[in-house]
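In my numbering, the protein residues as written are 1 to 263.
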């Protein structure tokens, strides 16, 4: 019986060890999701998780970048959100950010499991994935003269994290939950009297739908944004967000199938 090469055996041992470390980290995360007391602060947990991901996958890995975006989240708890938005069940962005962190850690474990079994794809789980495969084709927009209150209502109504801003002729910017909170409420501006144009981000950053998903992640990181307009022949046809990227990780790593089987 031939002996397995030592290098291959060691690699598998390292992968097994890394899987165990990630699972331990994921277990430490559960109290945050269940809102129980934890001996670590969320910032301390994030720092430990990022160090672990960096050691395992490298400091420039897609998973580490995506975790960094997941922990930032969109702005939580918009003050002065209109009553109708509150009644319609405005999404809890803090909790969404927690679930996004969990998704990244689960994806990291799934990628290592694939490596251990020899089924991992070359270039990682996103290899071959295109922007068109995961972007949203619903183009939601708001006029530049609309109030921040109206923008908040629309974000809640459509359950999205961003709106393109138009002037009735073309898209001139984008406004996100973060813009409403940091540029609007954070500066003490009156949401009833302040226009979307005053707080929107511009210009509209975009990427062609035929581009690789990893190119979109790199662009988001380089520009410090979480949403990109997606185009086809330079015409805006949708939006790609960090949430879409996390969904891609979950699907391509087989996590959605595992959850369906558990249910």
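Beta carbons: idealized from backbone N, C-alpha and C, even for Gly.
Span of the beta strand (DSSP E) around residue i
| i | result |
| --- | --- |
| residue 54 | Note, residue 54: premise wrong, no beta strand (DSSP E); alpha helix (DSSP H) at 42-57. |
| residue 240 | 235-241 |
Cβ pair residue i, residue j closer than 8 Å
| i | j | result |
| --- | --- | --- |
| residue 104 | residue 240 | no |
| residue 155 | residue 177 | yes |
| residue 69 | residue 50 | no |
| residue 141 | residue 160 | no |
| residue 211 | residue 98 | no |
Cβ shell of residue i (< 8 Å), same chain only, five flanking positions each side left out
| i | result |
| --- | --- |
| residue 102 | 26, 29 and 33 |
| residue 199 | 148, 175, 179, 180, 183, 184 and 189 |
| residue 244 | 134, 135 and 136 |
| residue 62 | 124, 126, 214 and 217 |
Separation of residue j from residue i, as counted between CA atoms
| i | j | result |
| --- | --- | --- |
| residue 213 | residue 108 | 17 Å |
| residue 146 | residue 219 | 29 Å |
| residue 139 | residue 17 | 44 Å |
| residue 35 | residue 234 | 45 Å |
| residue 71 | residue 46 | 7 Å |
| residue 153 | residue 236 | 23 Å |
Per-residue burial, residue i [other beta carbons within 10 Å of its own, 16 or more giving buried]
| i | result |
| --- | --- |
| residue 215 | exposed |
| residue 59 | exposed |
| residue 190 | exposed |
| residue 170 | exposed |
| residue 194 | buried |
| residue 86 | Summary for residue 86: the model assigns pLDDT 35, below 50, so the residue's position carries little reliability; its value from the coordinates is reported in the next sentence. Result: exposed. |
| residue 173 | buried |
| residue 238 | buried |
N-terminal and C-terminal residue of the alpha helix (DSSP H) that residue i is part of
| i | result |
| --- | --- |
| residue 133 | 131-134 |
Close Cβ partners of residue i (< 7 Å) along its chain, the five nearest in sequence each way excluded
| i | result |
| --- | --- |
| residue 15 | 112, 115 and 116 |
| residue 21 | 52 |
Close beta carbons around residue i, own chain, < 6 Å, minus the five adjacent residues each side
| i | result |
| --- | --- |
| residue 232 | 209 |
| residue 77 | With a pLDDT of 36 at residue 77, under the threshold of 50, the predicted position of this residue should be treated as unreliable, though the coordinate-derived value follows. Cβ within range, chain order: n/a, list empty. |
beta-carbon residue i near the ligand SAH non-hydrogen atom, thresh 7 Å
| i | result |
| --- | --- |
| residue 160 | Only the bare structure without any ligand can be found here, which leaves the ligand SAH out of the picture. |
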